[in-house]
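Inspection log for the structure reproduced underneath, given as structure tokens.
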Amino acid sequence: MHQTHGESASSNDSLHVMQEDPPPPLQALLESYGPVISHMTPLHDELDVNVQVLEADQSSSAAQSGPQTTSIPSGALSSQAQRSCDEATDNVLRLTGRVLGRGASGRVLEGEFRGHRVAAKQLELSVEDWGFGADAFSQELLVLGRCNHPNIVKVLAASALCTARPVIVLELMETSLDKVLYGSPDVVLPMATVLHIARQVAQGLSYLHPTILHRDLKPANVLLSDSHSENPIVKLSDFGLSRLRESALVTTRPAAGTPPYTAPECFDVLHPAITHRADCYSFGVLLWEMLAGAQPWAGMTGVQIAYGVAFQQRRLMVPAHGSPGGGDMDRWPPRLCALLKGCWEAESLRRPAAADMVKVLLLAQQDLKRGRTS
Numbered sequence: 006m007h008q009t010h011g012e013s014a015s016s017n018d019s020l021h022v023m024q025e026d027p028p029p030p031l032q033a034l035l036e037s038y039g040p041v042i043s044h045m046t047p048l049h050d051e052l053d054v055n056v057q058v059l060e061a062d063q064s065s066s067a068a069q070s071g072p073q074t075t076s077i078p079s080g081a082l083s084s085q086a087q088r089s090c091d092e093a094t095d096n097v098l099r100l101t102g103r104v105l106g107r108g109a110s111g112r113v114l115e116g117e118f119r120g121h122r123v124a125a126k127q128l129e130l131s132v133e134d135w136g137f138g139a140d141a142f143s144q145e146l147l148v149l150g151r152c153n154h155p156n157i158v159k160v161l162a163a164s165a166l167c168t169a170r171p172v173i174v175l176e177l178m179e180t181s182l183d184k185v186l187y188g189s190p191d192v193v194l195p196m197a198t199v200l201h202i203a204r205q206v207a208q209g210l211s212y213l214h215p216t217i218l219h220r221d222l223k224p225a226n227v228l229l230s231d232s233h234s235e236n237p238i239v240k241l242s243d244f245g246l247s248r249l250r251e252s253a254l255v256t257t258r259p260a261a262g263t264p265p266y267t268a269p270e271c272f273d274v275l276h277p278a279i280t281h282r283a284d285c286y287s288f289g290v291l292l293w294e295m296l297a298g299a300q301p302w303a304g305m306t307g308v309q310i311a312y313g314v315a316f317q318q319r320r321l322m323v324p325a326h327g328s329p330g331g332g333d334m335d336r337w338p339p340r341l342c343a344l345l346k347g348c349w350e351a352e353s354l355r356r357p358a359a360a361d362m363v364k365v366l367l368l369a370q371q372d373l374k375r376g377r378t379s
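Given below as structure tokens:
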């Protein structure tokens, strides 16, 4: 399952599959669309970026209320963020001290905000790393503050202007896809759940694209609630590497992201213009991981993955049906195999758009309900 093939992917197969079947339900397709988000899209009117933060070991009278070091340039946010730090407010985030997760730039804590349990993403960096960390924090707030979609985690507030440790307040989800995939040994997600999660992720990407690139799509950044259900709630998270763009992203850090999920063009320093189709490659790896129940490129270093994917045209193995030892048709139907290969095309423009991925997954769900393999 961890073997690799150097075979080239073909998007033509997926096109033929789609043309042979009746169109999926219109209402289901409409759910994946939304207004195109740009720099002109305002932040949510109700978004307060100057909430007070009360640490777990502080009394209510010790809430942060006075001016402190401004960590995020106020010019990066909308005019609603220009409120004085001295302004009295009852918007207080109370941290419980329970750590939900840790990352390279900080930690996620459980908190309480306006009577609801929330997740508080707190920036904690050394002086040397502060510049990039603050940029990622600001970028995540600017992106999520403009999004409104059921498959994108919702930002509720932030403490961005008047604290030395900025915080983004997010809706609290139950768990993440990586914990579900690897929390119990030898447990493989049911096919219906795989298709449901994949479709929800694709719908989130369809909403973001083409103007927002996520750039770090992986199971750890797919959050779930009601995770034991066949149809859990699915939301994309962690937009610290994401970018708003006009057509293509020109970046000095093309390899930003996680190597097993990174598109080949992102490893090429001579190819700095990255489009939303890089997310489509990552989606293919994530879908393969759910189907295989195994980590992609296990046992390989980031350098080995980069060289193999970008310069040797290697791809994760997709079972060849009809060959000795071919894959389970129920687990690896030709429709999904064609989609995977299309997502992994070396030429990014040949990869399916997120809206096309939604269509294929809807048809795959219909096939499963009918007991048909195609």
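Under this note's numbering, the letters of the sequence shown match residues 6 to 379, in that order. Ideal placement from N, C-alpha and C gives every residue a C-beta, glycine not left out.
Annotation: the continuous beta strand (DSSP E) that includes His121 extends over 121-128.
The beta carbons of Glu270 and Asp231 sit about 36 Å from each other, so the pair does not count as a contact at 8 Å. Per the DSSP secondary-structure output, Thr180 pairs in a beta bridge with Leu229. Judged by beta-carbon spacing, Ile202 lies within the 7 Å limit of Val239, meaning their Cβ atoms are closer than that value. If you compare the alpha carbons of Ala125, Leu291, Phe118, Pro338 with that of Arg103, the shortest gap goes to Ala125. Annotated three-state conformation of Phe288 is helix, per DSSP.
DSSP, read as helix, strand or coil, puts Val54 in coil. Ala169 counts as exposed, since fewer than 16 other beta carbons sit within 10 angstroms of its beta carbon.
Where Gly313 is concerned, the enclosing alpha helix (DSSP H) starts and stops at 307-316. The beta carbon of Glu294 lies closer than 8 Å to those of Leu186, Pro224, Gln300, Pro301 in the same chain, with the five residues before and after it left out.
Approximately 10 Å separates the beta-carbon atoms of Pro339 and Asp372; this is outside 8 Å, ruling out the contact.
Taking the Cα positions, Ile157 is about 10 Å away from Gln205. Glu60 carries a coil assignment under DSSP once its states are collapsed to helix, strand and coil. Residue pairing for Glu145: DSSP places it in no beta bridge.
Under the three-state reduction of DSSP output, Ala169 falls in the coil class, being neither helix nor strand. For Glu117, the secondary structure class from DSSP, reduced to helix, strand or coil, is strand.
With 16 or more other Cβ atoms from the protein chains shown falling within 10 Å of its own Cβ, Val199 counts as buried. A direct Cα-Cα distance of roughly 5 Å separates Gly313 from Arg319. Segment contact: the region 106-113 against the region 152-166, fewer than three CB-CB distances shorter than 8 Å; contact not assigned. When DSSP states are grouped into helix, strand and coil, Ala163 belongs to the strand group. Sequence-distant Cβ neighbours of Ser242 in its own chain, meaning closer than 6 Å and more than five residues away, are Val158, Asn226, Leu228. According to DSSP, residue pairing for Leu175 in a beta bridge involves Ala124, Val160.
By the criterion of at least three beta-carbon pairs nearer than 8 Å, the region 274-292 is in contact with the region 338-356.
The continuous alpha helix (DSSP H) containing Val199 extends over residues 196-213. Note: Lys240 is bridge-paired with Leu228 in the DSSP secondary-structure output.
Taking C-beta atoms as the reference points, Pro264 and Ile310 count as a pair closer than 7 Å. Taken atom to atom, the span from the alpha-carbon of Gly116 to that of Lys364 is near 38 Å. Note on geometry: alpha-carbon atoms of Thr306 and Ala268 lie some 16 Å from one another.
Residue nearest to Gly262 within the set Asn55, Ala141, His154, Val148 is Ala141 (criterion: CA-CA distance). In the displayed model, Leu48 falls within coil according to three-state DSSP, outside both helix and strand. Ranked by Cα distance from Phe272, the options Leu146, Glu235, Leu291, Gln317 are led by Gln317. A residue is called buried once 16 or more other Cβ atoms fall within 10 Å of its Cβ, and His219 is buried on that count. In chain order, Ser353, Arg356 place their CB closer than 6 Å to the CB of Arg282, counting only its own chain and leaving out the 5 sequence neighbours on each side. Counting only residues of its own chain and dropping the five nearest sequence neighbours on each side, Arg122 has a CB closer than 7 Å to the CB of Glu115, Leu177. As the crow flies, the alpha-carbon of Glu235 is around 36 Å from that of Ala315.
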